Amino acid sequence: MRSVDPMEGYRPARRRRGVVRKEMPLWQELPLLLVVAFCLAVLIRTFLVQAFYIPSGSMENTLLIKDRVLVNKVVYDMRDPLRGEVVVFRGTDDWAPEVTEEVSNTFLAKLGRTVGDLVGVSRPGERDFIKRVIGLPGDKVACCDSGGRITVNGVGIDEAYIAEGFNSDLSQPPIAGQCTSRRFNEVTVPEGQMFVMGDHRSVSQDARCQGPVPIENVIGRAFVVVWPSERFTSLDVPDVWRQFAEQYPSAAAAHPIPVREERPVVATNVLPLLFGVVLSARSGMSLWTRRRRLRA
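All the letters of the sequence shown, read from the start, carry residue numbers 508 to 803 under my numbering.
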């Protein structure tokens, strides 16, 4: 009787032929990666975080001229502004530019400004300002109490972040349209607006003389100083404002902050696109790295 070979009739499975992709030359791949990186920078600048150049001394000594801060552009899609936060916003027509500098109009200069604006490293526009939030809708803001302090809803605020000699003149009477005096009459912040002031009160042109600012004009919250490197620091809410918020959590229920409904699409539409771009860039870089290793 013939024994049966257990391997009889067995045929090894054929190997699938792998799809060989044509390698992209480095001179073609590198520009592609640069384009992806540029698009990524534009998306980040437009929807998430933007670098902001400090052009004036209105926020000294918290922020100095030529400092660069990072601005969170999505934080106020999730919550309202808080007193004590440093915010970047677009001023109304009543707000005069703090710094007007002559700029070159050569082709290269215009091209540099355009590219810089796209990726968020250019200087701000004339209507872009950076100040500290002092009052929210319904708050009553005035100056001064018996100690020379600003008051919010009748409560004096000890602003330790104002450096000595940087406060405005207490003896000078208020002058309409000017912020040279520390004194100003009580202002009730209108619905949907905020009262902002610079930390260098003697030079800052702010809500004292130019009026409150619509909250919808806010670009974002400045949360960290990134340049120069020796001045790297976070821009946290001062303790005095934290304590004030704990004791007086709401300005007035009759003056709610309006909800901006058009920007939450960032989270649902833009972030998946941004995630896809990141994955594409990482895949391209990994493929390039593997090729270089194989060639080596």
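Built from N, CA and C at the ideal position, the CB exists for glycine as well.
Given the structure is predicted, the values throughout are model-derived calculations rather than measurements.
CA nearest to the CA of residue i, picked from the options
i: Lys580; options: Lys573, Pro562, Ala558; result: Ala558
i: Asp746; options: Leu555, Glu666, Ile641, Val720; result: Glu666
i: Gly672; options: Tyr560, Thr599, Arg708, Leu570; result: Arg708
i: Val725; options: Thr658, Arg597, Asn692; result: Arg597
i: Asp574; options: Arg749, Tyr755, Leu555, Thr740; result: Thr740
i: Asp601; options: Arg728, Ala714, Leu540, Val578; result: Ala714
i: Asn568; options: Val720, Asp706, Leu742; result: Asp706
i: Leu555; options: Val595, Gly727, Gly661; result: Gly727
i: Thr687; options: Val710, Met704, Ala670; result: Val710
Rounded separation between residue i and residue j - CA only
i: Asp652; j: Arg590; result: 19 Å
i: Pro644; j: Gln700; result: 6 Å
i: Arg634; j: Leu533; result: 44 Å
i: Met585; j: Glu723; result: 14 Å
i: Asn674; j: Ile637; result: 17 Å
i: Cys650; j: Val582; result: 30 Å
i: Val648; j: Val659; result: 5 Å
i: Gln750; j: Asp676; result: 27 Å
i: Leu570; j: Leu537; result: 38 Å
i: Arg502; j: Gly564; result: Only positions 508 to 803 of the chain appear in this structure, which leaves residue 502 out of reach.
i: Gln685; j: Gln712; result: 8 Å
Which of helix, strand or coil DSSP assigns to residue i
i: Pro756; result: coil
i: Asp706; result: coil
i: Asn579; result: strand
i: Ser741; result: strand
i: Arg620; result: Annotation note: pLDDT 49 at Arg620 (below 50); position unreliable, coordinate value reported separately. Arg620: helix per DSSP, three-state reduction.
i: Arg689; result: coil
i: Phe559; result: strand
i: Ile682; result: coil
i: Met701; result: strand
i: Cys716; result: helix
i: Ile804; result: No answer is possible for residue 804: it lies beyond the span of the chain, which begins at 508 and ends at 803.
i: Val773; result: Low confidence applies to Val773: its pLDDT is 42, below 50, so where it sits in the model is not reliable enough to give any reading.
Residue-level contact to chain B via CB, residue i, 8 Å cutoff
i: Gly699; result: Looking at the structure shown, chain B is missing, and only one protein chain is on hand.
- Would you call the segment 688-703 and the segment 728-736 in contact, with 3 or more CB pairs under 8 Å? No, they do not touch.
- Should the segment 676-684 be called in touch with the segment 657-665, which here means at least 3 C-beta pairs below 8 Å? Result no; under three Cβ-Cβ pairs closer than 8 Å.
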